[in-house]
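**Student:**
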Amino acid sequence: MNPEQFEKYQYFTEKTINDLSHKITLLENKLNMFTNLLEISKYINQYIKDPNLLTIINDMLIGVFGAKYSTIYIKLNDEYEEAGASKLSYTFIEAGKKLIYEHKEEKFIINSDTPIYGEDMEEESIHSSLGIPIYVENRLLGFILIQHININYFVEDHAIFLSSIGNHIGVALENNLLYRQIKDSANLDGLTELYNKRYFFKTLNSMVDLKEEDYSIVMIDLDNFKTINDNYGHPCGDMALINVANIMKEMTRSNDIVARYGGDEFIIYFNNFTDREKVMHRLEMIRREIESYQIQGEEESFTVTASFGVYCKQNEILSLEEVIKKADKNLYLSKATGKNIVSMNQNKND
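Counting in full-length UniProt numbering, the sequence shown runs from 1 upward without gaps.
Set out below in structure tokens:
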């Protein structure tokens, strides 16, 4: 082999080795990405039932990409709603939404010497932004937006990796929503969408210490409900139940529990609410709202009334069943003395 042939052979060999080395590096990177995706998928799946899943995913994305901020927008009725990034200002979240629309809801990478959102944000100035749509079965579910204060922070490799993660996030969000719907359906009454009796007892027995908490229990029964069904039909009876349920939901607090007890009976747990005058005032407002609401039947409108029996906690220690029995006794008193009234215990024997 002459020197010229050797030089060509050496060049070819070195080029082949370099090409192979480059391919091995690419393969290793793909393998690392695949391994990371598996780990990320496992991490997301372990929180699939968590109501704070979106917050958990945002925190994970900040850690994985070294980003300053991460925001997930869910698309509802053709509008994007931010989810899981409650520490960010409204202005910042709206600016991110505007960015998504400006790029026609498609993948984008922005690197800018000047702040992308201007200087007026509460948050630190953003100079690098990466946005990826979340698709599930060709349906646009939402958008991921991760951002950094350094320019040229995000590059195409980040976009490829985030797109792959986005597929897992989309499936996780769908499963999380399905789980919550199933869970809600197990706890809610199908007609009124109030909590059901099973949920009421389970929650108070497992989460509320009746010995320590101040509370009131209210039993409610619609008056002459059978007559309403007979005169106006069962659909109108259902409308009456739904109307009463909506009134009670609107006129109670978020930390109270309102449930359908069965048939035309309802039950309310008033948390930390035992002042008799205030409880009576609240229930009188509910009672008057129920009796004044006109329900439209097929041929004419009608109204319904309700009777209330209340037990406000005193010094004695009672079980939930005993408390409900006392409230039910007062409900019976309301029914026996004219209906459409509120009866309340006045002393420990009531």
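All C-beta atoms in this analysis are idealised placements derived from N, C-alpha and C, irrespective of residue type, glycine included.
Would DSSP call residue 24 helix, strand or coil?
**Tutor:** Start at 1 with the first residue of the sequence shown, and residue 24 comes out as number 24. Because the pLDDT of residue 24 is 48, which lies under 50, any placement of that residue in the model is unreliable, and the number read from its coordinates should be weighed accordingly. Helix at residue 24.
**Student:** What are the uninterrupted segments assigned as alpha helix (DSSP H) that are 4 or more residues long and contained completely in the region 167-221, given in chain order?
**Tutor:** 197-207
**Student:** Look up residue 146 in the DSSP assignment and say whether it is helix, strand or coil.
**Tutor:** Counting from one through the sequence shown, the residue named residue 146 turns up at place 146. Three-state DSSP puts residue 146 in a strand.
**Student:** By Cβ distance, which residues of its chain are closer than 7 angstroms to residue 25, with the 5 residues on each side in sequence left out?
**Tutor:** To locate residue 25, count along the sequence shown from 1; it is residue 25. In this prediction, residue 25 has a pLDDT of 49, which is less than 50 and means its spatial position is unreliable; nothing more can be read from the coordinates.
**Student:** Tell me which residue opens and which closes the alpha helix (DSSP H) that residue 231 is part of.
**Tutor:** As a first step, residue 231 must be located in the sequence shown, where it is residue number 231. First-last of the alpha helix (DSSP H) with residue 231: 225-232.
**Student:** Based on Cα-Cα distance, which residue from 147, 243 and 168 lies nearest to residue 63?
**Tutor:** Within the sequence shown, residue 63 is the residue found at index 63, counting from 1. The shortest C-alpha separation from residue 63 is found at 147.
**Student:** By Cβ distance below 6 angstroms, which residues in the same chain neighbour residue 117 in space, the five residues on each side in sequence not counted?
**Tutor:** Here the question's residue 117 lines up with position 117 in the sequence shown. Non-local C-beta neighbours of residue 117 in its own chain, meaning closer than 6 angstroms and more than five positions away in sequence, comprise 95 and 126, ordered along the chain.
**Student:** Closer than 6 angstroms by C-beta to residue 321: which residues in its own chain qualify, once you throw out the five before and the five after it? Chain order, please.
**Tutor:** Mapped onto the sequence shown, residue 321 falls at position 321. Annotation for residue 321: no residue places its beta carbon closer than 6 angstroms to its own, counting only its chain and skipping 5 residues before and after.
**Student:** Is it true that the CB of residue 83 sits closer than 8 angstroms to the CB of residue 93?
**Tutor:** Residue numbering aside, residue 93 sits at position 93 when the sequence shown is read from its first letter. Residue numbering aside, residue 83 sits at position 83 when the sequence shown is read from its first letter. In this structure, residue 83 does not lie closer than 8 angstroms to residue 93 by Cβ.
**Student:** Who pairs with residue 310 in a beta bridge, going by DSSP?
**Tutor:** Counted from its first residue, the sequence shown places residue 310 at position 310. Partner(s): 218 and 344.
**Student:** Look at residue 123 and residue 69 and say whether their C-beta atoms are less than 8 angstroms apart.
**Tutor:** Here residue 123 corresponds to residue number 123 of the sequence shown, with the count starting at 1. Here residue 69 corresponds to residue number 69 of the sequence shown, with the count starting at 1. Against a cut-off of 8 angstroms, the Cβ pair of residue 69 and residue 123 comes out as a contact.
**Student:** In terms of residues, what are the limits of the beta strand (DSSP E) holding residue 123?
**Tutor:** In the sequence shown, counting from the first residue as 1, residue 123 sits at position 123. That residue, residue 123, is in no beta strand (DSSP E); it is neither H nor E in DSSP.
**Student:** For residue 276, collect the residues of the same chain with a Cβ closer than 7 angstroms to its Cβ; drop the 5 residues on either side in sequence, then sort them by chain order.
**Tutor:** The residue you call residue 276 lines up with position 276 of the sequence shown. Closer than 7 angstroms at the Cβ level, and outside the excluded window around residue 276, lie 312 and 344.
**Student:** Using alpha carbons as the reference points, say which of 115, 108, 198 and 141 lies closest to residue 160.
**Tutor:** Position 160 of the sequence shown, counted from the first residue, corresponds to residue 160. Ranking 115, 108, 198 and 141 by Cα distance to residue 160 puts 108 first.
**Student:** Quick check on the burial criterion: 16 or more other C-beta atoms within 10 angstroms. Buried or exposed for residue 87?
**Tutor:** Counted from its first residue, the sequence shown places residue 87 at position 87. In this structure residue 87 is exposed. Its beta-carbon is surrounded by fewer than 16 other beta-carbon atoms within 10 angstroms.
**Student:** In terms of residue numbering, what span does the beta strand (DSSP E) encompassing residue 258 cover?
**Tutor:** Here residue 258 refers to the residue found at position 258 when the sequence shown is read from its first residue. Unbroken beta strand (DSSP E) run through residue 258: 257-262.
**Student:** For the alpha helix (DSSP H) holding residue 292, just list the boundary residues, first then last.
**Tutor:** Your numbering for residue 292 matches position 292 in the sequence shown. Looking at the DSSP string, the run of the alpha helix (DSSP H) that includes residue 292 is 276-292.
**Student:** What residue from 308, 309, 310 and 291 has the CA that sits closest to residue 301's CA?
**Tutor:** Stepping through the sequence shown from its first residue, residue 301 is reached at position 301. Taking only the C-alpha atoms, the option nearest residue 301 is 291.
**Student:** Do three or more CB pairs link the region 329-344 to the region 235-255 at distances below 8 angstroms?
**Tutor:** no
**Student:** Here's the rule: buried if 16 or more other CB atoms are within 10 angstroms of the residue's CB, otherwise exposed. What is residue 155?
**Tutor:** On the sequence shown, residue 155 is found 155 positions in, with the first residue counted as 1. Residue 155 is exposed by the Cβ-count criterion.
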